[in-house]
Amino acid sequence: MAEAFNSTELPRDKAARYAALAQEIASVLDGEPDRTARMAVVAGMLAQTFPHFFWTGFYRVDPTRPGELVLGPYQGTLGCLRIPFGKGVCGAAAERRETVVVEDVHAFPGHIACDSRSASEIVCPVFDAAGGLIAVLDVDAEIPAAFDAIDADALNHILTQAFSA
Ligand code: SME
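Read in this note's numbering, the sequence shown has 910 at position 77, and its numbers run on one by one without any break.
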């Protein structure tokens, strides 16, 4: 049985939880082509699986405004609607096209504080099957240093499975 934990603790079995979650997401998304629905499922199921995630969601690359991210499906409190490439953690991940892990958001230059509870954060780029950047996935936690290579690998696996296959 999965280990119980609450929103102020880090799960010790997170690799196992991510592995089960990746399978569940793949099964739910099977046959669903709509990208917005797929993003909504990923954001929702991540939030349900890990209580210490208080914001999970996507910022999409806006095709009508180059160099700008616009809020997509998410779970959590109100976030900012638009983020230019290069600004904050989301904009950094979009510009670099790589995962950014921030152990202490207060120490990240240009961090955009959408919610004062945010202590640590991970942002992963999301690519389509052709390798084009379509969005970033942003996950925030109230716990400092909540994210490490296990989260980065597992989240990128889920995103590849959901959007690049
Ligand atoms: N903290 C993010 C902004 C988005 S919200 O936290 C939902 C950033 O610095 O990019």
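Ideal Cβ positions, reconstructed from N, Cα and C, are used throughout, including at glycine.
Option nearest residue i by Cα separation, candidates the options
i	options	result
Thr889	Arg898, Thr993, Leu904, Pro899	Leu904
Leu902	Gly909, Gln908, Val894	Val894
According to DSSP, residues forming a beta bridge with residue i
i	result
Val894	Leu902
Pro917	Glu901
Leu966	Phe960
Glu954	Val935, Asp973
Thr910	Answer by DSSP bridge pairing: none, since Thr910 is not bridged.
Phe886	Ala974
Residue burial classification, residue i (beta-carbon count within 10 angstroms, cutoff 16)
i	result
His990	exposed
Ala974	buried
Gly924	buried
Ala876	buried
Pro906	buried
Gly900	exposed
Gly964	exposed
Residue i Cβ short of 8 Å to the ligand SME heavy atom set
i	result
Ile916	yes
Phe941	yes
Glu954	yes
Val861	no
Val875	no
message: Closer than 8 Å is the cut-off here; do at least three beta carbon pairs connect the stretch 956-963 with the stretch 981-997?
response: Yes, since at least three Cβ pairs between the stretch 956-963 and the stretch 981-997 fall closer than 8 Å, the two stretches touch.
- prompt: Are the stretch 928-940 and the stretch 853-866 in contact at 8 Å, needing three or more beta carbon pairs?
  reply: no
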